[in-house]
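Have a look at the structure below before the remarks.
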Amino acid sequence: MDAVPDAADRRAPLAHRALAVVIAVLVAAGAGLVAARVAPEDDVVAAEAAPAAEPAPDLAPVSATAARIVTSLKADLPVPEPVPADPRAPTPEVRLGQLEIPAIGLSQPLFEGVTLTAIDRGPSHWPGTAMPGQLGNVVVAGHRVTRTRPFYDLDLLQPGDELVFSMADGSRHVYVLDRIEVVDDEAMHIVDQTYGYRATLFACHPKGSAAQRIVGHFTLRDSTPATDPAA
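Using our numbering, the first residue of the sequence shown is number 5, and each one after it goes up by one.
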């Protein structure tokens, strides 16, 4: 399995394109405002006799939205760790919280690590990818038919089904399924980090084989803040 592509190489073009869209929106809005205020000389007399024009549009909301977008684009995306050189490398047991998918009756502890040593314990977070509720892509690996087999029924999920992370700090993050796809066993795009709030679950496919991967793509719906600030 190849190393994870450098997320920084993909981040800059995306940020530039998004910033260009913001600038285009502001320019278009400003141009409309100017056009509304400037009339040709031939229309001056008619304009004086006409009813008062509507007040100029308030661009403050547009500017505020643009400012938020630009601020988010300045945030650094998480950088996934490379695929472990030794899939059976010793990995400390770190429990992050609980992972649930009510539609298939799944509720298991969520661990940290992408070695088989970690995944054998249960669904496990890929180090360096976003943490639940954070900007980027939360990537979680799990077995399909062995050990705790958390993702045995991943193929039964339907768009809109919930993925719930209940973290050790008391925060709770609910994602909803967008789609399921099957990819090559070495496909690495599934760990890509983007300017959004997403989650990706993956496991071997078909059941009993490691020839491919089944992948669930989710989008964050809502988050509840941590109840223990010290956690």
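Even glycine gets a Cβ: it sits at the ideal position worked out from N, Cα and C. Note that this is a predicted model, so its numbers are computed, not measured.
Nearest CA to the CA of residue 118: which residue from 158, 88 and 103? Out of 158, 88 and 103, 88 has the C-alpha closest to the C-alpha of residue 118.
Same chain, Cβ closer than 7 Å to residue 79, five either side skipped, listed in chain order: Closer than 7 Å at the Cβ level, and outside the excluded window around residue 79, lie 139.
To the nearest angstrom, how far is the alpha carbon of residue 190 from that of residue 99? The alpha-carbon separation between residue 190 and residue 99 amounts to approximately 27 Å.
Which two residues bound the contiguous alpha helix (DSSP H) that contains residue 121? Note, residue 121: alpha helix (DSSP H), 120-123.
Would you kindly check if the distance between the Cβ of residue 225 and the Cβ of residue 195 is under 8 Å? In this structure, residue 195 lies away from residue 225, with their beta-carbon atoms at least 8 Å apart.
If residue 142 sits next to residue 133, beta carbons under 8 Å apart, how far is it from one beta carbon to the other, in whole angstroms? Cβ atoms of residue 142 and residue 133 come within 8 Å of each other, at about 6 Å.
Member of 220, 173, 121 and 94 whose CA lies at the smallest distance from the CA of residue 135: Measuring C-alpha to C-alpha distances from residue 135 to each of 220, 173, 121 and 94 identifies 173 as the nearest.
Mind pulling the alpha helix (DSSP H) runs of 4 or more residues that sit fully within the segment 104-154? Listed in chain order, the complete alpha helix (DSSP H) runs (minimum 4 residues) inside the segment 104-154 are 120-123.
Under DSSP, the beta strand (DSSP E) around residue 171 begins and ends at which residues? From DSSP, the beta strand (DSSP E) with residue 171 extends over 166-171.
Inter-residue spacing [alpha-carbon to alpha-carbon] between residue 103 and residue 169: Our two residues, residue 103 and residue 169, have alpha carbons roughly 5 Å apart in a direct line.
Nearest CA to the CA of residue 105: which residue from 154, 182, 90 and 83? Out of 154, 182, 90 and 83, 154 has the C-alpha closest to the C-alpha of residue 105.
Residue 93 burial status per 10 Å Cβ neighbour count (16 or more: buried): Note on residue 93: under 16 other CB atoms within 10 angstroms of its CB, so exposed under the neighbour-count rule.
Cβ separation of residue 84 and residue 197, assumed to be a contact under 8 Å, to the nearest whole Å: With a Cβ gap of about 7 Å, residue 84 and residue 197 count as contacting.
Helix, strand or coil: how does DSSP classify residue 203 here? The answer is strand: DSSP assigns residue 203 an E or B state.
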